[in-house]
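The sequence shown runs 1 to 173 under full-length UniProt numbering.
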Amino acid sequence: MSDLVARFIDELERVAGKAQRAHSDEHAIEIVQEALRSHHARTVALAPCALANRLESILRTDSYELVSEREIARADVGISGAELAVAETSSLLISHDGVSELVTALPPVHIALIRTDQIVETLEDAFAFCQRELERTPRDFVFVTGPSRTADIELTPVIGVHGPQELLVIVIP
Numbered sequence: 001m002s003d004l005v006a007r008f009i010d011e012l013e014r015v016a017g018k019a020q021r022a023h024s025d026e027h028a029i030e031i032v033q034e035a036l037r038s039h040h041a042r043t044v045a046l047a048p049c050a051l052a053n054r055l056e057s058i059l060r061t062d063s064y065e066l067v068s069e070r071e072i073a074r075a076d077v078g079i080s081g082a083e084l085a086v087a088e089t090s091s092l093l094i095s096h097d098g099v100s101e102l103v104t105a106l107p108p109v110h111i112a113l114i115r116t117d118q119i120v121e122t123l124e125d126a127f128a129f130c131q132r133e134l135e136r137t138p139r140d141f142v143f144v145t146g147p148s149r150t151a152d153i154e155l156t157p158v159i160g161v162h163g164p165q166e167l168l169v170i171v172i173p
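Structure, rendered in structure tokens:
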């Protein structure tokens, strides 16, 4: 496992996220299917990602309801890709395409699929990527780091109040 992948996974676990290494695209799909079963999911919101076309076909075959863009809030699980993953913070860089940021924020469980070559070392690397991308196509980006968390007035941390209670990142070679 490369140092960047190991660091990303360590940092993700530090912020209460989960990661699984897939050894192939097929294995990544199996991990998604198992995660959906373990969460007793019935409805899924699917954003653009590395395996979106294959996942859409498999999810329909497996009798999951793929919700429309207008119904993302009622999805049990959201599945997305990311532009990049940042090893030092375990952040995912999500491009504003009208769907992805909702899929990462509204369902109680977020599954993200990233490839190892999408992992950069630092936030500075991610900002440089954003700058290059913005010169080509102006758009917004969002950083997602771990499951949603906040604290109450007594500073007691609470997970999942303003977003997903769980984040699973599947790292694909």
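Cβ coordinates follow ideal geometry from the N, Cα and C atoms, glycine included.
* Asked: On the three-state DSSP scale, how would you describe VAL27?
  -> One detail in the question is off: residue 27 reads as His in this sequence, not Val. Reduced to three states, the DSSP call for HIS27 is helix.
* DSSP three-state assignment for GLN33, whether helix, strand or coil -> helix
* Same chain only: Cβ atoms within 7 Å of ASP140, ignoring 5 sequence neighbours per side -> HIS96
* Buried/exposed call for GLN118, threshold 16 Cβ in 10 Å -> buried
* Kindly provide the ranges of any alpha helix (DSSP H) runs that are 4 or more residues long and lie completely inside the segment 9-89, ordered along the chain. => 25-38, 52-61
* **VAL67 and VAL44 closer than 8 Å at C-beta** => yes
* **Same chain, Cβ closer than 6 Å to ILE170, five either side skipped, listed in chain order** => GLN20, ALA22, ALA28, ILE31, LEU113
* **Euclidean distance between Cα positions of GLN131 and VAL142** => 14 Å
* For GLY17 and PRO48, the rounded distance between their alpha carbons -> 21 Å
* Over the uninterrupted beta strand (DSSP E) stretch that includes GLU166, give me the two end residues. => 166-172
* Tell me whether HIS110 is buried or exposed, calling it buried when 16 or more other Cβ atoms sit within 10 Å of its Cβ. => buried
* **Touch test, the segment 84-91 against the segment 52-64, Cβ-Cβ under 8 Å, three pairs minimum** => no
* To do: Taking all protein chains shown into account, decide if LEU12 is buried (16 or more other Cβ within 10 angstroms of its Cβ) or exposed.
  => buried
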